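Numbering (full-length UniProt numbering), first residue to last: 1 to 53.
We put the beta carbon where it would ideally sit given N, CA and C, even for glycine.
The model shown is predicted, which means the values in this text are computed figures rather than measured ones.
Report on the following structure.
Right, here's the structure in full:
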């Protein structure tokens with residue numbers, strides 16, 4: 001997992017934030033999240049990049 005927009009800033013809507021992956025999830029969709037996007041002030045400066053193996 002690479003943080004701070006390692007592959008550059010994304011574009012468009014921010015779909016989720018504050019993921020709390022444990023490392024045993026088979027899909028990123030299974031990572032719990034601690035926040036609701038209803039009151040999100042997240043920007044693309046905090047985009048995350050994943051390298052799958």
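Please report the Cβ distance between residue i and residue j, rounded to the nearest whole angstrom; I am assuming they are in contact, meaning their Cβ atoms lie under 8 Å.
i          : j          : result
residue 43 : residue 18 : Wrong, their Cβ atoms sit about 14 Å apart, outside the cutoff.
residue 10 : residue 47 : 5 Å
Between residue i and residue j, what straight-line distance do the alpha-carbon atoms span, to the nearest angstrom?
i          : j          : result
residue 8  : residue 50 : 12 Å
residue 13 : residue 31 : 19 Å
residue 6  : residue 26 : 22 Å
residue 15 : residue 53 : 23 Å
residue 29 : residue 21 : 10 Å
Output yes if chain D places a C-beta closer than 7 Å to the C-beta of residue i; else output no.
i          : result
residue 29 : Protein chain content of the structure displayed is limited to a single chain, and chain D is not contained in it.
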